[in-house]
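A.B. asks: Residue numbers for the sequence shown follow the numbering used here, beginning at 87 and rising by one.
Here a beta-carbon is modelled for each residue, glycine too, at the ideal position from N, C-alpha and C.
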Amino acid sequence: MNVYEYQAKKLLRSYGVAVPPGDVAGTPAQAEAVARTLHGPTWMVKAQIHAGGRGPAGGVQAVHTPEDARTVAEHMLGSQLATSQTRPQGQIVHKVYIEQGCEIVRAFYVALLLDSQDETLTFLASPERGGDSIEEVALRHPERVLKLKLPLDEEPSADKIGELIQQIGLSGEHGRKVVAYLQTMYRVFLELDATLIEISPLAVVDNGDVLALDVKMSFDDNALYRHADLLALRDEANREPSEAEAARHGINYVRLQGDIGTLVSGAGLALATLDAIVERGGQPANFMDLPPVSRQAQVAAAFRLLLEDSNIKAILVNVFGGGIMRCDVIADGLIVALREAGSNKPKIPLIVRLDGTNAELGQQRLQEAGLGAVLVTDLAEAANQVVVAAQLPSRQRSSSTLLGSMKKLFTKEGN
């Protein structure tokens, strides 16, 4: 479950995490009234939708008078805001968040996410401002996005986080404040059963404070029964239908703007898969993280989401079977989804990489089912194949002859 920025900041504030003063408004008059309660000379007017990328799309604007806050809110409220993370038609803006502006001394990106595949938490940090451009940073300068992986039962020490923070150029008093900030962020993550907390940017401001200027938070739908207060924050109005369907099946799924569908096990592997696609000139259509205890029905539901997306031109399945994640279950789920759709073969290229537990059995079942799937041995191969396939004309993409010839490129089908 995703929450709006204003809700995420309220949650952080309740844990003593510093955020700029601000409040939500549902009308232009309320926006002006909120601005008058905050100190100037600058206010931020921020459209509230369940998606990132608002800044470049005009969903975050600085104003210099309360009257201007009213004017900007009037244009935003009721509008359809389309960003790089929404459907082309965008999402309706029902509320805006009015926030006190601040003078930024240093700004950078931090995030904490759950990787369900290897049962770790991962801190991400970058000296870049992050947020709207962090994907480009990861593509062009991957060395500038640093990672700290932690077992679920290991609380991060100040020293460990300090090493991460030093690598993005923070030290001294500012560094100590950021370390304390991230330790609290870790506590929030665990206590609220979060799956993602992204702060973009986290800023050191002119008075020395460390503030979260923009926040994105997501929570485990399966744990909401423990958090009635969080469940009350759910707003289905702007939720992507595909994301709602995925959540119903316990699948972590985010719709993106590209044309290459991905079905992956584990958040870490999912991110690596997206990076590999982008590095080769492709555009991912989604982020998908299958839970480690995936049943055949869940896999089928995940695959259906991709098959039903008319924007997707090719699909990459990248699964590492470890422990209770079995590759034969993945294969069976793909086959079931296609049969339920009344087809023996996907109408678009399907590239599959299976590795680990029961990988050979999964490959065998896919071959026997005659899906025309291209089986590859490693991620680089898989990314190359799916990017090439997505760029082909639709007539060629649907050709089983083409898929067969692509398959013959490999002298040995690996896992």
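What span of residues does the beta strand (DSSP E) with Glu185 cover, start to end?
C.D. replies: For the purposes of this step, residue 185 is taken as residue 99 along the sequence shown, with counting starting at 1. 182 to 186 is the extent of the beta strand (DSSP E) around Glu185.
A.B. asks: State the beta-bridge partners of Glu284 as determined by DSSP.
C.D. replies: Indexing the sequence shown from 1 puts residue 284 at position 198. Glu284 has Ala197, Lys302 as its beta-bridge partners, per DSSP.
A.B. asks: So the beta strand (DSSP E) Gly442 belongs to, where does it begin and stop?
C.D. replies: As a working note, residue 442 is residue 356 in the sequence shown. Start and end: 436 to 442.
A.B. asks: Taking Val350 as part of the beta strand (DSSP E), name the residues at either end of that continuous run.
C.D. replies: For the purposes of this step, residue 350 is identified with residue 264 of the sequence shown, where counting begins at 1. 346 to 351 is the extent of the beta strand (DSSP E) around Val350.
A.B. asks: Which residues in the same chain have their Cβ closer than 7 Å to the Cβ of Val149, if we skip the five residues on either side of it in sequence?
C.D. replies: Against the sequence shown, residue 149 aligns to sequence position 63. For Val149, where only same-chain residues beyond five positions count, the Cβ hits under 7 Å are Trp129, Val131, Ala155, Val158.
A.B. asks: Consult DSSP for Gln449 and reduce its assignment to one of helix, strand or coil.
C.D. replies: Here the question's residue 449 lines up with position 363 in the sequence shown. Of the three classes helix, strand and coil, the one that applies to Gln449 here is helix, per DSSP.
A.B. asks: Throw me the rounded Cβ distance for the Ala318 and Asp279 pair, which I believe falls under 8 Å.
C.D. replies: The count along the sequence shown starts at 1 and reaches residue 318 at position 232. The count along the sequence shown starts at 1 and reaches residue 279 at position 193. Contact flag wrong, Cβ pair sits at about 15 Å.
A.B. asks: State the Cα-Cα distance for the pair Leu355 and Lys96, rounded to the nearest angstrom.
C.D. replies: Residue numbering aside, residue 355 sits at position 269 when the sequence shown is read from its first letter. Residue numbering aside, residue 96 sits at position 10 when the sequence shown is read from its first letter. Between Leu355 and Lys96, the C-alpha separation is close to 32 Å.
A.B. asks: Just verifying my parser: in three-state terms, what is the DSSP assignment at Gly217?
C.D. replies: In the sequence shown, residue 217 corresponds to position 131, counting from 1. Unreliable positioning characterises Gly217 in this predicted model, as indicated by a pLDDT of 49, which lies under 50. A coordinate reading is not provided.
A.B. asks: Can you pull the DSSP bridge partners for Pro237?
C.D. replies: Taking the sequence shown and counting its residues from 1, the one referred to as residue 237 is at position 151. Pro237 is bridged to Thr206.
A.B. asks: Please return the same chain residues whose Cβ sits closer than 6 Å to the Cβ of Gly500, not counting the five positions on each side in sequence.
C.D. replies: Here residue 500 is taken as the residue at index 414 of the sequence shown, counted from 1. Confidence at Gly500 is low in this model, with a pLDDT of 35, below 50, so its placement is unreliable and the value that follows should be read with caution. The answer, listed in chain order, is Thr463.
A.B. asks: From the DSSP output, in three-state form, read off Asp395 for me.
C.D. replies: Counting from 1 along the sequence shown, the entry for residue 395 is found at position 309. In the structure shown, Asp395 sits in coil (DSSP, three-state: anything other than H, G, I, E or B).
A.B. asks: In chain order, what residues of the same chain have a beta carbon less than 7 Å from the beta carbon of Phe389, not counting five sequence neighbours either side?
C.D. replies: For the purposes of this step, residue 389 is taken as the residue at position 303 of the sequence shown. Contacts found: Leu349, Gly419, Leu420, Ala423.
A.B. asks: Report the three-state DSSP secondary structure of Ile530 (helix, strand or coil).
C.D. replies: What is shown of the chain runs 87 to 501, which leaves residue 530 out entirely.
A.B. asks: Have a look at the DSSP bridge pairing and note the partners of Gln166.
C.D. replies: Locating residue 166 in the sequence shown gives position 80, where the first residue counts as 1. Ile178.
A.B. asks: Helix, strand or coil: how does DSSP classify Ser100 here?
C.D. replies: As a working note, residue 100 is residue 14 in the sequence shown. Looking at Ser100 - three-state DSSP - the assignment turns out to be helix.
A.B. asks: Run through the DSSP bridge pairs and tell me what Gly108 is partnered with.
C.D. replies: Here residue 108 refers to the residue found at position 22 when the sequence shown is read from its first residue. Paired residue(s): Glu185.
A.B. asks: Pull the bridge partners of Val146 from the DSSP assignment, please.
C.D. replies: Here the question's residue 146 lines up with position 60 in the sequence shown. DSSP lists Lys132 as partners of Val146.
A.B. asks: Which residue comes first and which comes last in the beta strand (DSSP E) that contains Ala400?
C.D. replies: Position 314 of the sequence shown, counting from 1, holds the residue named residue 400. Per DSSP, Ala400 belongs to the beta strand (DSSP E) from 400 to 407.
A.B. asks: According to DSSP, is Arg320 part of a helix, a strand, or is it coil?
C.D. replies: Translated into positions along the sequence shown, residue 320 becomes position 234. Note: Arg320 maps to coil in three-state DSSP.
A.B. asks: Would you report the Cα separation of Ile363 and Leu402, rounded to the nearest angstrom?
C.D. replies: For the purposes of this step, residue 363 is identified with residue 277 of the sequence shown, where counting begins at 1. For the purposes of this step, residue 402 is identified with residue 316 of the sequence shown, where counting begins at 1. The straight-line gap from Cα to Cα measures roughly 10 Å.
A.B. asks: Grab the span of the beta strand (DSSP E) containing Leu376 for me, first residue to last.
C.D. replies: Along the sequence shown, one-based indexing puts residue 376 at 290. Run containing Leu376: 372 to 376, per the beta strand (DSSP E) assignment.
A.B. asks: State the beta-bridge partners of Ser509 as determined by DSSP.
C.D. replies: Residue 509 falls outside the range modelled here, since the chain spans only 87 to 501, and no answer is possible.
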